[in-house]
Structure formats: C-alpha cells, structure tokens
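Numbering (our numbering), first residue to last: 512 to 613.
Notes for the one structure printed next.
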Amino acid sequence: MQNTQSYLTEITNNVKHNYQKLLNVLPTHSSLAQMPYRQLHYFADQAIDKTFPVTLTFNNDDTPVTGLLHHLKDERYLIKEQATNLTKLFFLNELTAIQKCN
C-alpha cells in the first residue's frame, strides 16, 4: 500500500511538472523581440499590397490586434480588426512586431 501511494504521488508530481513546463513554453506577446523599423515598414507594405491579415503587437499593450492593414497619409496606419470591427490608428514606431496570420 505504501509503494502504491508513493508511486501515485510521484506520477502526480510528474504530471504537474510537465504540464507547467508545457504552459511555460507557449509564447507570450510580451516576450517578442522589438522588430527593426525597416522590417516593420517592409512587413506593413507587404500586408497592404497583398491584403492579408496580420497580428500587430503594440509596445505597451499585451493584447495583440488582428485585422487588415491600411496606409493613411504620412506614416500613419490603420488596422481594422475583423472580429469586432475595431479600428486603430497608429505609427509604426508604436509597434513591437507584425506577424502574418494564417
């Protein structure tokens, strides 16, 4: 009986540890590296030219925004979020990263 309980405790601890490791592996948007300005500009131009949806991660915001990108006058951009029809105006220097959506 003693061995069975120790095995059960050991298995439980292993499952907890491995599950926690799995959750820690998932990427967080705050861990994304700052993309260089030229790369942000290039990715934004590609997204606009080919009209594919992108996910934008802003410098001081943990919530990414996914939608279609539009270029306005000067260096201003607009993203229209697909799910909520939210629109957001921004400059490229406010972004951490641009990612293409599947």
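Positions of the beta carbon are idealized from the N, C-alpha and C atoms, including for glycine.
Within a Cβ cutoff of 7 Å, which residues of the same chain sit near glutamine 610, ignoring the five residues on either side of it in sequence? In its chain, beyond the 5 residues on either side, Val565 and Thr566 have a beta carbon closer than 7 Å to the beta carbon of glutamine 610.
Span of the alpha helix (DSSP H) holding phenylalanine 554? Per DSSP, phenylalanine 554 belongs to the alpha helix (DSSP H) from 548–561.
Which residues in the same chain as asparagine 604 place their Cβ atom closer than 7 Å to its Cβ, once the five residues preceding and following it in sequence are excluded? So the qualifying residues of the chain are Tyr548.
Report the rounded CA-to-CA distance for phenylalanine 601 versus tyrosine 518, giving the unit in angstroms. Each residue's Cα considered, the two are about 56 Å apart.
Considering only residues of the same chain and omitting the five flanking positions on each side of histidine 552, which have a CB-CB separation below 8 Å? Excluding its 5 nearest sequence neighbours in each direction, histidine 552 has C-beta neighbours in its own chain below 8 Å: Leu603, listed in chain order.
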